[in-house]
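So the sequence shown is numbered by the working numbering: it starts at 11 and just counts up by one.
A virtual CB, placed ideally from N, CA and C, is assigned to each residue, including glycine.
Because the structure is a prediction, the values reported are computed rather than measured.
Okay, structure first, notes after.
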Amino acid sequence: MKLSTSSAIITGGASGLGEATARHFADKGAQVTILDRDAERGPNVAKEIGGHFIQTDVTDEASVQAAIAFALEKMEKITATVNCAGIAYGIKTIGRDGPHPLDAFQRTIDINLVGSFNVARLGAEAMVKNDPEPDGARGVVINTASIAAFDGQKGQAAYAASKGGVVGMTLPMARDLAKDGIRVMTIAPGIFMTPMLAGLPDEVQASLAADVPNPARLGDPSEYARLAGFIVELGYLNGEVIRIDGALRMR
(Lines of atoms letter the chains of each structure in order from A and count residues from 1; the text may use other names and numbers.)
(Lines give C-alpha, C1' and ligand atoms only; values in the text may rest on other atoms or scores of the structure.)
Protein backbone atom coordinates (compact mmCIF):
# COMPACT_ATOMS: atom_id res chain seq x y z
CA MET A 1 0.00 0.00 0.00
CA LYS A 2 1.11 3.52 -0.77
CA LEU A 3 0.22 6.42 1.50
CA SER A 4 -0.10 8.65 -1.55
CA THR A 5 -3.00 6.57 -2.88
CA SER A 6 -4.63 5.79 0.47
CA SER A 7 -8.06 6.88 1.64
CA ALA A 8 -8.11 7.18 5.43
CA ILE A 9 -10.63 7.79 8.16
CA ILE A 10 -9.06 9.17 11.34
CA THR A 11 -10.91 9.43 14.63
CA GLY A 12 -9.87 12.22 16.96
CA GLY A 13 -8.49 13.99 13.90
CA ALA A 14 -9.39 17.47 15.10
CA SER A 15 -6.52 17.66 17.61
CA GLY A 16 -3.44 15.98 19.06
CA LEU A 17 -2.16 12.74 17.56
CA GLY A 18 -5.16 12.45 15.25
CA GLU A 19 -4.72 15.93 13.81
CA ALA A 20 -1.01 15.34 13.23
CA THR A 21 -1.83 12.08 11.46
CA ALA A 22 -4.48 13.72 9.29
CA ARG A 23 -2.05 16.45 8.28
CA HIS A 24 0.79 14.03 7.56
CA PHE A 25 -1.37 11.70 5.50
CA ALA A 26 -2.79 14.60 3.49
CA ASP A 27 0.69 16.05 2.93
CA LYS A 28 1.71 12.71 1.42
CA GLY A 29 -1.25 12.71 -0.97
CA ALA A 30 -3.77 10.58 0.92
CA GLN A 31 -7.47 11.37 1.00
CA VAL A 32 -8.55 11.99 4.60
CA THR A 33 -11.87 12.08 6.40
CA ILE A 34 -11.78 13.26 10.01
CA LEU A 35 -14.21 11.73 12.51
CA ASP A 36 -14.43 13.82 15.67
CA ARG A 37 -16.91 15.25 18.15
CA ASP A 38 -15.42 18.74 17.84
CA ALA A 39 -17.72 20.42 15.32
CA GLU A 40 -15.77 23.69 15.54
CA ARG A 41 -12.14 22.69 15.09
CA GLY A 42 -12.79 19.56 13.00
CA PRO A 43 -14.13 21.34 9.89
CA ASN A 44 -11.28 23.87 10.05
CA VAL A 45 -8.60 21.18 10.11
CA ALA A 46 -10.33 19.32 7.29
CA LYS A 47 -10.48 22.48 5.17
CA GLU A 48 -6.80 23.24 5.79
CA ILE A 49 -5.69 19.81 4.60
CA GLY A 50 -8.18 19.48 1.76
CA GLY A 51 -10.02 16.68 3.54
CA HIS A 52 -13.49 16.01 4.89
CA PHE A 53 -15.08 16.13 8.34
CA ILE A 54 -18.08 14.53 9.97
CA GLN A 55 -19.09 14.90 13.60
CA THR A 56 -18.94 11.43 15.10
CA ASP A 57 -19.48 9.68 18.42
CA VAL A 58 -17.22 6.63 18.25
CA THR A 59 -19.25 4.83 20.92
CA ASP A 60 -22.46 5.04 18.90
CA GLU A 61 -23.02 2.44 16.17
CA ALA A 62 -25.37 4.56 14.09
CA SER A 63 -23.05 7.57 14.29
CA VAL A 64 -20.07 5.58 13.04
CA GLN A 65 -22.12 3.89 10.34
CA ALA A 66 -23.16 7.34 9.10
CA ALA A 67 -19.54 8.49 9.20
CA ILE A 68 -18.39 5.48 7.18
CA ALA A 69 -21.11 6.12 4.59
CA PHE A 70 -20.07 9.79 4.41
CA ALA A 71 -16.41 8.87 3.96
CA LEU A 72 -17.24 6.41 1.19
CA GLU A 73 -19.33 9.04 -0.55
CA LYS A 74 -16.49 11.58 -0.42
CA MET A 75 -13.51 9.27 -1.06
CA GLU A 76 -15.15 6.28 -2.81
CA LYS A 77 -13.19 3.82 -0.66
CA ILE A 78 -11.46 3.41 2.70
CA THR A 79 -8.04 1.77 2.85
CA ALA A 80 -6.86 2.93 6.28
CA THR A 81 -8.74 3.25 9.57
CA VAL A 82 -6.81 5.10 12.27
CA ASN A 83 -8.21 5.33 15.81
CA CYS A 84 -6.86 8.28 17.80
CA ALA A 85 -9.97 9.32 19.73
CA GLY A 86 -9.57 8.86 23.47
CA ILE A 87 -9.88 10.30 26.97
CA ALA A 88 -7.93 9.97 30.20
CA TYR A 89 -8.91 10.45 33.84
CA GLY A 90 -6.53 10.67 36.77
CA ILE A 91 -8.52 8.98 39.55
CA LYS A 92 -7.28 6.53 42.18
CA THR A 93 -9.23 3.35 42.94
CA ILE A 94 -9.88 4.74 46.43
CA GLY A 95 -9.31 8.46 46.83
CA ARG A 96 -10.17 11.30 49.16
CA ASP A 97 -13.73 11.36 47.87
CA GLY A 98 -14.21 7.59 48.08
CA PRO A 99 -14.06 4.87 45.43
CA HIS A 100 -13.37 5.56 41.76
CA PRO A 101 -16.65 6.73 40.18
CA LEU A 102 -17.99 3.86 38.14
CA ASP A 103 -19.35 6.13 35.41
CA ALA A 104 -15.87 7.59 34.81
CA PHE A 105 -14.42 4.09 34.48
CA GLN A 106 -17.23 3.03 32.14
CA ARG A 107 -16.87 6.15 29.98
CA THR A 108 -13.14 5.56 29.60
CA ILE A 109 -13.70 1.96 28.50
CA ASP A 110 -16.53 3.00 26.18
CA ILE A 111 -14.53 5.64 24.32
CA ASN A 112 -11.02 4.19 24.34
CA LEU A 113 -11.78 0.49 23.91
CA VAL A 114 -15.34 0.01 22.70
CA GLY A 115 -15.07 3.06 20.47
CA SER A 116 -11.86 1.78 18.88
CA PHE A 117 -13.42 -1.62 18.23
CA ASN A 118 -16.61 -0.06 16.89
CA VAL A 119 -14.76 2.03 14.32
CA ALA A 120 -12.31 -0.76 13.47
CA ARG A 121 -15.02 -3.33 12.76
CA LEU A 122 -17.11 -0.96 10.64
CA GLY A 123 -14.06 0.37 8.85
CA ALA A 124 -13.00 -3.20 8.12
CA GLU A 125 -16.46 -3.96 6.75
CA ALA A 126 -15.93 -1.20 4.19
CA MET A 127 -12.35 -2.26 3.40
CA VAL A 128 -13.37 -5.86 2.72
CA LYS A 129 -15.13 -4.57 -0.40
CA ASN A 130 -11.94 -3.07 -1.87
CA ASP A 131 -10.30 -4.70 -4.85
CA PRO A 132 -7.17 -6.44 -3.55
CA GLU A 133 -3.70 -5.20 -4.43
CA PRO A 134 -1.25 -7.68 -6.01
CA ASP A 135 -0.25 -8.97 -2.55
CA GLY A 136 -3.91 -9.32 -1.51
CA ALA A 137 -3.94 -6.16 0.63
CA ARG A 138 -7.27 -4.39 1.04
CA GLY A 139 -6.56 -2.14 4.00
CA VAL A 140 -5.09 -1.56 7.42
CA VAL A 141 -6.46 -0.71 10.87
CA ILE A 142 -4.21 1.28 13.23
CA ASN A 143 -5.37 1.55 16.82
CA THR A 144 -3.85 3.69 19.57
CA ALA A 145 -2.96 2.19 22.93
CA SER A 146 -0.47 3.68 25.40
CA ILE A 147 2.56 2.60 27.39
CA ALA A 148 0.12 2.80 30.32
CA ALA A 149 -1.24 -0.49 28.99
CA PHE A 150 1.99 -2.08 30.23
CA ASP A 151 3.06 0.08 33.19
CA GLY A 152 0.20 2.29 34.25
CA GLN A 153 0.73 4.73 37.10
CA LYS A 154 -1.34 5.67 40.12
CA GLY A 155 -4.70 7.02 39.09
CA GLN A 156 -4.62 5.26 35.72
CA ALA A 157 -6.70 2.16 36.48
CA ALA A 158 -9.41 3.10 33.98
CA TYR A 159 -7.04 4.41 31.33
CA ALA A 160 -4.63 1.48 31.60
CA ALA A 161 -7.50 -1.01 31.48
CA SER A 162 -8.91 0.59 28.33
CA LYS A 163 -5.54 0.70 26.59
CA GLY A 164 -4.68 -2.81 27.75
CA GLY A 165 -7.84 -3.93 26.00
CA VAL A 166 -6.71 -2.25 22.78
CA VAL A 167 -3.40 -4.12 23.01
CA GLY A 168 -5.20 -7.38 23.74
CA MET A 169 -7.46 -7.25 20.70
CA THR A 170 -4.66 -6.47 18.23
CA LEU A 171 -3.55 -10.01 17.42
CA PRO A 172 -6.96 -11.74 17.39
CA MET A 173 -8.39 -9.00 15.20
CA ALA A 174 -5.42 -9.34 12.82
CA ARG A 175 -6.07 -13.06 12.66
CA ASP A 176 -9.79 -12.52 12.08
CA LEU A 177 -9.16 -10.18 9.14
CA ALA A 178 -6.15 -11.94 7.60
CA LYS A 179 -8.23 -13.80 5.03
CA ASP A 180 -9.70 -10.48 3.91
CA GLY A 181 -6.30 -8.86 3.32
CA ILE A 182 -6.73 -6.38 6.19
CA ARG A 183 -3.88 -5.80 8.63
CA VAL A 184 -4.29 -4.63 12.24
CA MET A 185 -1.58 -2.74 14.12
CA THR A 186 -1.44 -0.81 17.38
CA ILE A 187 0.78 2.11 18.36
CA ALA A 188 1.52 2.59 22.07
CA PRO A 189 2.74 6.18 22.57
CA GLY A 190 4.62 7.45 25.58
CA ILE A 191 4.29 11.02 26.81
CA PHE A 192 3.45 13.25 23.84
CA MET A 193 2.92 16.98 23.54
CA THR A 194 -0.83 16.83 23.03
CA PRO A 195 -3.28 19.66 23.89
CA MET A 196 -3.81 18.09 27.31
CA LEU A 197 -0.10 18.27 28.18
CA ALA A 198 0.39 21.63 26.50
CA GLY A 199 -1.89 23.14 29.14
CA LEU A 200 0.38 22.07 31.99
CA PRO A 201 2.91 24.48 33.54
CA ASP A 202 6.36 24.57 31.92
CA GLU A 203 8.00 23.07 35.02
CA VAL A 204 5.65 20.09 34.91
CA GLN A 205 6.35 19.54 31.23
CA ALA A 206 10.09 19.71 31.92
CA SER A 207 9.74 17.18 34.74
CA LEU A 208 7.86 14.75 32.52
CA ALA A 209 10.41 15.16 29.72
CA ALA A 210 13.30 14.51 32.12
CA ASP A 211 11.96 11.02 32.85
CA VAL A 212 12.37 9.99 29.21
CA PRO A 213 15.76 8.24 28.78
CA ASN A 214 16.58 9.21 25.20
CA PRO A 215 15.76 11.64 23.74
CA ALA A 216 14.92 13.41 27.00
CA ARG A 217 11.88 15.26 25.73
CA LEU A 218 8.19 14.85 25.13
CA GLY A 219 7.13 13.11 21.94
CA ASP A 220 6.02 15.22 19.00
CA PRO A 221 2.64 14.23 17.49
CA SER A 222 4.30 14.34 14.06
CA GLU A 223 6.41 11.35 15.13
CA TYR A 224 3.29 9.32 15.85
CA ALA A 225 1.92 10.43 12.47
CA ARG A 226 5.06 9.35 10.62
CA LEU A 227 4.95 5.96 12.31
CA ALA A 228 1.31 5.54 11.30
CA GLY A 229 2.24 6.39 7.72
CA PHE A 230 5.10 3.88 7.83
CA ILE A 231 2.70 1.18 9.02
CA VAL A 232 0.35 1.88 6.12
CA GLU A 233 3.13 1.39 3.62
CA LEU A 234 4.98 -1.57 5.16
CA GLY A 235 2.70 -4.48 4.38
CA TYR A 236 4.53 -7.09 6.46
CA LEU A 237 3.72 -5.30 9.70
CA ASN A 238 0.67 -7.03 11.15
CA GLY A 239 -0.74 -8.09 14.52
CA GLU A 240 1.86 -6.17 16.52
CA VAL A 241 2.06 -3.35 19.07
CA ILE A 242 4.81 -0.76 18.57
CA ARG A 243 5.91 1.39 21.51
CA ILE A 244 7.08 4.90 20.65
CA ASP A 245 8.29 6.31 23.95
CA GLY A 246 12.04 7.09 24.02
CA ALA A 247 12.58 3.94 26.17
CA LEU A 248 10.39 5.35 28.95
CA ARG A 249 9.16 2.85 31.53
CA MET A 250 6.77 4.50 33.95
CA ARG A 251 6.88 3.67 37.63
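Beta-bridge analysis with DSSP links R193 to V150. Residue pairing by DSSP puts I19 in a beta bridge opposite T43, T91.
When rounded, the separation of the alpha-carbon atoms in P144 and S156 is 33 angstroms.
In the DSSP assignment, R253 forms a beta bridge with A198. By the Cβ-count criterion, M206 is exposed, with fewer than 16 other Cβ atoms from all chains shown falling within 10 Å of its own Cβ.
In this structure, G23 keeps its C-beta atom at 8 angstroms or more from the C-beta atom of T204. The continuous beta strand (DSSP E) containing H62 extends over residues 62 to 65.
Counting along the chain, Q116 sits inside the alpha helix (DSSP H) bounded by residues 112 to 119. It is roughly 14 angstroms from the alpha-carbon of A79 to the alpha-carbon of N128.
Burial is judged here by how many other beta carbons sit within 10 angstroms of a residue's own beta carbon; Q163 has fewer than 16 and is exposed.
Runs of the alpha helix (DSSP H) lying entirely within the stretch 120 to 176 and spanning at least 4 residues, in chain order: 125 to 137, 158 to 161. Annotation: I192 to D107 spans about 46 angstroms, alpha carbon to alpha carbon. Look at the beta carbons and you see the stretch 73 to 89 not touching the stretch 98 to 113: under three pairs across the two are nearer than 8 angstroms. Taking all protein chains in view, the Cβ of L45 is crowded by 16 or more other Cβ atoms within 10 Å, so the residue is classified as buried. Minimum Cα-Cα distance from T15 among the listed residues T31, Q41, G229 corresponds to Q41. E29 is classed as buried because its beta carbon has at least 16 other beta carbons within 10 Å across all chains shown. By DSSP's assignment, P211 forms no beta bridge with any residue.
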